[in-house]
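>
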Amino acid sequence: MSDEKQAAIALDHVSKSFGTKQVLRDVSLEIERGEAVCILGRSGTGKSVALKLMISLLKPDSGYIWVGDEDIAQLNAEGLSRVRRRMGFLFQSAALFDSLTLHDNLALPLHRLTDKSRPEIEETIERVLGEVGLAADKGKMPVELSGGMKKRAGLARALVLAPEILLIDEPSSGLDAITAEEIDDLLLRQKSQQKTTMVIVTHDVRGARRVADRFAVLDQGSLIALGKPADLEHHESEIVRKLVAEH
Amino acid sequence: MQNRNLTVGIFLVAGVALFTLSLFLIGSQHKVFARHFEVYTEFANLDGLTKGGKVKVAGFDGGEIVDIAVPGSPTAKFRLKLRIEERLHPVVRADSMVTIATEGVVGDKFLFIHTGSAQAAETSSGATLPSKEPLNLADLMEKSAGLLNDAGGTMKTAGQKLNETLDTATTTIRNANDLIVGLKQGKGTAGMLLHDETTATRIRQSIENVHQATASLNQTARRADDLVSDLQSRQLGQKAEETLSNARSATQNIKATSQRIRQTVDDATGPDDQGVDTATNIRQSVSNLNQATENMSEDMEALKHNFFFRGFFKHRGYYSLSHLPPDEYRRDKLFSDSRNHRDWFETDDLFTSDRSGLETLSRSGGARIDDAIDRLSDSLGPAPLIVEGYSTAQNSPEQLADSRNRAMLVRDYIRRRFHLDAQDVVIQSLGDRPPAGVGKDRWNGVCIVLLHSNSR
Amino acid sequence: MRKLFEFVGKVARFGLQVIVKTFRPPIEFRQIWSQIAEVGSRSLPLVAASGLALGVVMTLHTRSTLVTFGAGAMIPAVQSIAFFVEIGPLVAALLVAGRVGAGIGAVIANMRATEQIDAIEALSIDSFKFLVVPRVAACVLVLPLLTTFMDFSGLLGGYLSEYALSHISLRLYVTRAFTNLDWANFVPPTLKTVVFGFIIGTVSSFFGYTTNEGAEGVGRAATNSVVLSSLLVILADIILVRCIFLAFPESAI
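Residue numbers (this note's numbering), protein chains in the order written: chain D, 80 to 326; chain L, 277 to 732; chain X, 40 to 292.
(1) Please classify L/Thr296: is it buried, with 16 or more other beta-carbons within 10 angstroms of its beta-carbon, or exposed?
(2) Going by DSSP, which residues form a beta bridge with D/Trp145?
(3) Starting from X/Gln74 and walking both ways along the alpha helix (DSSP H), at which residues does that stretch end?
(4) Return helix, strand or coil for L/Tyr594, following the three-state DSSP convention.
(5) With C-beta atoms as the reference, is X/Phe123 less than 8 Å away from X/Pro228?
(6) Terminal residues of the continuous alpha helix (DSSP H) containing X/Gln322?
(7) If distances are taken between C-alpha atoms only, which option among D/His282, D/Asp255, D/Ile247 and D/Ala304 comes closest to D/Thr276?
(8) Just to confirm, is the Cβ distance from D/Ile88 to D/Ile110 under 8 Å?
(9) Cα separation between L/Asp654 and L/Ile645?
(10) Taking the alpha-carbon positions, what's the L/Ala403 to L/Arg369 distance?
(11) Return no unless some Cβ of chain D is closer than 8 Å to the Cβ of X/Gln118.
(12) At a Cβ threshold of 8 Å, is L/Val284 touching chain X?
(13) Contact check, L/Glu318 vs L/Ser401 under 8 Å by CB: the rounded distance?
(14) Quick check: the Cα distance between X/Leu199 and X/Val95, rounded to an integer number of angstroms?
(15) So, are the CB atoms of D/Lys270 and D/Ala115 less than 8 Å apart?
(16) If you measure between the beta carbons of L/Leu405 and X/Val213, is that distance less than 8 Å?
(17) Check the Cβ of L/Gly291 against every Cβ in chain X and list those closer than 7 Å, keeping chain order.
(18) Would X/Ser80 count as contacting chain C if we go by Cβ distances under 8 Å?
(19) Have a look at D/Leu224 and X/Val146 and give me their C-alpha separation to the nearest angstrom.
(20) What is the DSSP secondary structure of L/His390, counted as helix, strand or coil?
(21) What does the alpha-carbon distance come out to for the pair X/Ile277 and L/His312?
(22) Across which residues does DSSP place D/Glu167 in a beta bridge pair?
(23) Between the stretch 219-248 of chain X and chain L, which residues of the former have CB atoms less than 8 Å from a CB of the latter, in chain order?
(24) Decide if the stretch 706-720 of chain L is in contact with the stretch 191-208 of chain X; the criterion is three or more beta carbon pairs, one per stretch, under 8 Å apart.
(25) Flag this pair as yes or no: are the beta carbons of X/Leu134 and X/Leu85 separated by less than 8 Å?
(26) Applying a beta-carbon distance threshold of less than 9 Å, which residues of chain X neighbour D/Ser172?
(27) Cβ of D/Leu90 less than 8 Å from any chain X Cβ?
(28) Just tell me which of L/Gly324, L/Leu325, L/Leu299 and L/Phe621 has its CA closest to the CA of L/Arg718.
(29) Would X/Val139 pass as an interface residue toward chain L - the criterion being a Cβ-Cβ separation below 8 Å?
(30) Residues in the same chain with beta-carbon distance under 7 Å from D/Leu213, minus the five sequence neighbours each way, listed in chain order, please.
(31) Check for me: the beta strand (DSSP E) holding D/Ala304 runs from which residue to which?
(32) Who are the neighbours of X/Ser166 on chain D, taking C-beta pairs under 8 Å?
(33) Given that D/Ser251 touches chain X, what residues does it touch there, using C-beta distances under 7 Å?
(34) Please report the distance separating the alpha-carbon of D/Ser127 from that of D/Ile279.
(35) If you reduce the DSSP assignment to three classes, tell me which class L/Ser705 lands in.
(36) Consult DSSP for L/Ala738 and reduce its assignment to one of helix, strand or coil.
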């Protein structure tokens, strides 16, 4: 773990299909510690699937997924729990628990996955909600929140465990440009202050260019390009160029 | 969160409370925790009772059937174990009757324990209470139908018998008519018998009675038959009681009718108080005629053996034979019947002569007669003993005197010795000639005759 | 046909998983508690109101027949036996299948569609234990209680109806209602709703948990939950009633 050269997350020849539809084909990708990688691609090219594989919400059909030095596909529930404690996941729709208040949404992972005492938990929730600007709304139910607030709340829940790795699915989808920028600012701050490794699936190239160190481009389930955004602008594939182009 | 806890708490508490409440409401009916005593009772027919069935003591719901032991043989009964509340113990006595009752028209079957009598002891725990089998309506119908069928059958038989009797009576009348014709021609004694107005009336009366009895019996039988078919055709129900009481009265009618039949038959076969005069008349008529007429007709014989008149002859001392001529006697089938019991005694065995030549019964002779009568004692009945006297003296007056004397000596001895009435021992002096067919041509002495039962 | 058997197999495995995971610690008491609130407390008004109405209607129907036979005194007994033995358990279960089954199906399907289940899994929480088991457990625990409520509200409805017609006293009504009742008429039929609860919870959760059709899957999961759980409840009732008759022969009238 202390090995600085070791990748935070590594996909090693990963394939995944649903029924007859192959979503990922032999994808290999390494993400360095403290690095922010954006996965770009057209809709339905397996970006979200790649993200879910990284936290073992889905299991690969073949290949290996390493988080640190652990092959998460092979881990038992306890090991997986240990790995996941270091990871945060921001879902596309925020995925706040409808039946719980904002406060309880954040309290749940802390209760479940840490040994923190009740005052510590309260303190953490206060702090994280303050960071995302929702301190005043902790008693609200998810349905009472706007789309941007939900996204920030989802981010807050992902951050509440102070994860080393943050997996982010479409941070700006369904949001206006200003709100999307606020989210990006939060991510940038997290990255610079906490050195959090980030994997971001997005269509918003403008936001991605602000946050990401590298881009990975998926097309038809295959990784067709990987590199710094500036390098990819001149990539041989037209798809890559189009995706990376900042309009 | 606080609010939700409150509602859930209320919900759970109220739910559990209601559940418990219903447990207790139901349980209270069974008085699970009350004190009990246990008694037994037995039934051949449970009529649908089951374990757990209710037991009511004098209508008070206070127990249940806790166990039913199935009988081991068809003759044994189901043994029911009852658990009854202890507080009802004082009314359950040793003579408390247990019956099976039904709750309402469509209700459950339950056991009903009637209160016992105050004098009887309180029943002890484990005792067996007397029970009354359930009154099954269908069974009852079946039984009464059977009874009426039987009655119908019996009455038909009785009617048949009476008809036979009537036939006989009719024959008798016909015979009697013949006799009357014979009498007018100066022929028989029986003619006189029937000519006697009282006797004739009586006979007619008897026959009339039989006629009436038969008619009424036939009617009863018809009524019974009707009842039975009525019963069978109906779907039972509320008519049952009515029908049953009809059946009961029909049965009573039958009883009365059969009494009348018996009376009629008694009247016909035996004497009654009124009959004595008639009988005396008959006897007198007969004996008068007997003297006057030479012969005893065959018709008389028939009449004598007839069902209706036999009794008259038998009991009215007709067989005293005091006026029956020896010839007649010898020829009469009744006396010459070889099946008659005869004890023959030689003169020397019975009699000794004194110096004047008069015969008397010797001591040893008495002993012989004793033996003979003793042997007969089992057969002695309504029929008289006949003592026949015989003598082989040289001339017939002497024969007559001797034989008569010997018969009288023996008769008197028997009468005295065995305290018999005059009409029970009769004499006949027959000279030296016994009746034909008894196996002896001549005899000197005495013969004691007991008529064969068929000829009596 | 093959699909049908596959489906049966899936549901059965799902049910088995429910049973296995119910008893595997840690037990999600908080979730169970909140589901009891959802299934129980919030179904109570529906159940009580239905019971009351049904009780009134039942008495109105049986009354004329019983009075014709001169068995007017049997009205409370008929009412109580009908409710305690069959109407209470079955109607309570069907109402719960309608209200809660649809709710469970829709909620879980929605959670699936909005990635909440993934989110739970991402927190290393066993979503099955977290979502399905508490719902099934709540149904199992709550249905006997709801049945009891149903029984009593039905009896209350019967009493009100009978009181309006014959001014019978409550005490006499209760006495008559419970005189003919046996524990076998109450305990087994009430406890059989545990099975109904299991069916409702499991079937509804199954449709919600296994949907993968996004938003329109939610509605379908809700509908399927109600239809199949109601059907299975009635079918199970046949078997359970038969079993109760076997175990308590005297309760078979």
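Glycine included, every Cβ here is placed at the ideal spot set by N, Cα and C.
Result, derived from the coordinates:
(1) exposed
(2) D/Ala89 and D/Asp150
(3) Phe68 to Ile75
(4) Residue placement at L/Tyr594 is flagged as unreliable, the pLDDT there being 43, under the threshold of 50; the coordinate-derived value follows with that caveat. Correct three-state label for L/Tyr594: helix.
(5) yes
(6) Residue 322 of chain X is absent from the model: chain X starts at 40 and stops at 292.
(7) D/Ile247
(8) yes
(9) 15 Å
(10) 10 Å
(11) no
(12) yes
(13) Actually they are not in contact, since the Cβ atoms of L/Glu318 and L/Ser401 sit about 17 Å apart, beyond 8 Å.
(14) 7 Å
(15) yes
(16) no
(17) Leu184, Thr187 and Phe188
(18) Absent here is chain C; the protein component of the structure consists of chains D, L and X.
(19) 19 Å
(20) coil
(21) 38 Å
(22) The question names Glu, yet the displayed sequence has Gly at residue 167 of chain D. Partner(s): D/Leu245.
(23) Asn219, Leu220, Asp221, Trp222, Asn224, Phe225, Val226 and Thr229
(24) no
(25) yes
(26) Ala152, Thr153, Glu154 and Gln155
(27) no
(28) L/Phe621
(29) no
(30) Leu181, Met228, Arg231, Ala232 and Ala235
(31) Ser301 to Gly306
(32) In chain order: nothing, as chain D lies at least about 10 Å away.
(33) Within 7 Å Cβ-Cβ: nothing; D/Ser251 doesn't reach chain X, min ~17 Å.
(34) 9 Å
(35) strand
(36) This structure cannot speak to residue 738 of chain L, because chain L is shown only from 277 to 732.
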